[in-house]
Structures are given as C-alpha cells and as structure tokens.
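Trainee: The structure that follows is given in the form of structure tokens.
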Amino acid sequence: MCHIPDLDVLYLDQKDGKKISWLPDDIEHLRVSELHLGHNSLASLPERMANMSRIASIYLNNNQLKSIPAALCYLKQIKVNTDSIGEHHFTSLCIVETSMITH
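Using my numbering, read the sequence shown as starting at 11 and increasing by one per residue.
Structural data, given as structure tokens:
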C-alpha cells in the first residue's frame with residue numbers, strides 16, 4: 011500500500027464490491043487526507059492509523075466496528091453510524107465537537 015502516491019481522497023467504500031475485513035499493517039504509510047472505508051466488514055482499526063501524516067477525515071459507516079481507537083481522536087472528522095458502534099463508547103474515546111456521528 012505504501013506505493014500509492016499522495017492523494018487527497020481515497021475511496022475504499024464497498025457498497026457493491028468485495029468487503030474489506032482488515033487493513034494492512036503498512037496503512038500508516040498511506041499519504042491521504044480523507045479516507046472512505048464505509049460499507050465494509052471492518053471489526054477493528056489498527057492503532058497505526060494514527061501515524062498517517064496527512065489524514066484529517068475518515069468515513070467508517072456500515073462496518074462492524076465496536077470501538078474507535080483513542081489514537082484516532084485527533085482527526086477533524088470521524089463519520090460513523092451509531093447502529094454498529096455504541097455512541098456512549100465513541101464519545102468516551104473522542105471529543106464529539108470534532109467528530110460527526112450519524113444515526
């Protein structure tokens with residue numbers, strides 16, 4: 011994955027395609043400011059995502075996430091549907107003012 015050039019936005023949203031169930035260890039080397047991971051089968055996110063130097067927004071709707079790593083709470087925007095992740099758990103990890111939670 012680290013051979014992908016710098017991008018503003020990367021869409022790995024899989025509404026109709028093969029679902030992603032995990033992210034590679036070298037995700038931290040991905041240089042993208044906005045990452046769309048919606049409509050996948052992700053049950054967890056690697057803490058190493060916090061090392062992504064350009065990431066500002068991440069979209070996680072319609073996954074199987076049970077929590078968001080605290081290391082990602084610095085992001086300007088995290089969008090996740092609360093049907094798959096408890097809002098109380100999410101807000102205990104991240105500052106709500108800098109994140110978007112959709113129902």
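Glycine included, every Cβ here is placed at the ideal spot set by N, Cα and C.
Shortest alpha-carbon distance to Asp23 belongs to which of Arg41, Leu40, Asp36 and Ser51?
Mentor: Minimum Cα distance to Asp23 is reached at Ser51.
Trainee: Which term fits Asn61, buried or exposed, when burial requires 16 or more other beta carbons within 10 angstroms of its beta carbon?
Mentor: Its Cβ having fewer than 16 others within 10 Å, Asn61 is exposed.
Trainee: Just to check my reading of the structure: Leu70 and Lys89 have Cβ atoms closer than 8 Å, yes? What is that Cβ distance to the nearest angstrom?
Mentor: Contact holds; Cβ gap of about 7 Å.
Trainee: So the beta strand (DSSP E) Asn91 belongs to, where does it begin and stop?
Mentor: From DSSP, the beta strand (DSSP E) with Asn91 extends over Gln87 to Asn91.
Trainee: Terminal residues of the continuous beta strand (DSSP E) containing Ser43?
Mentor: Segment Val42 to His46, the beta strand (DSSP E) holding Ser43.
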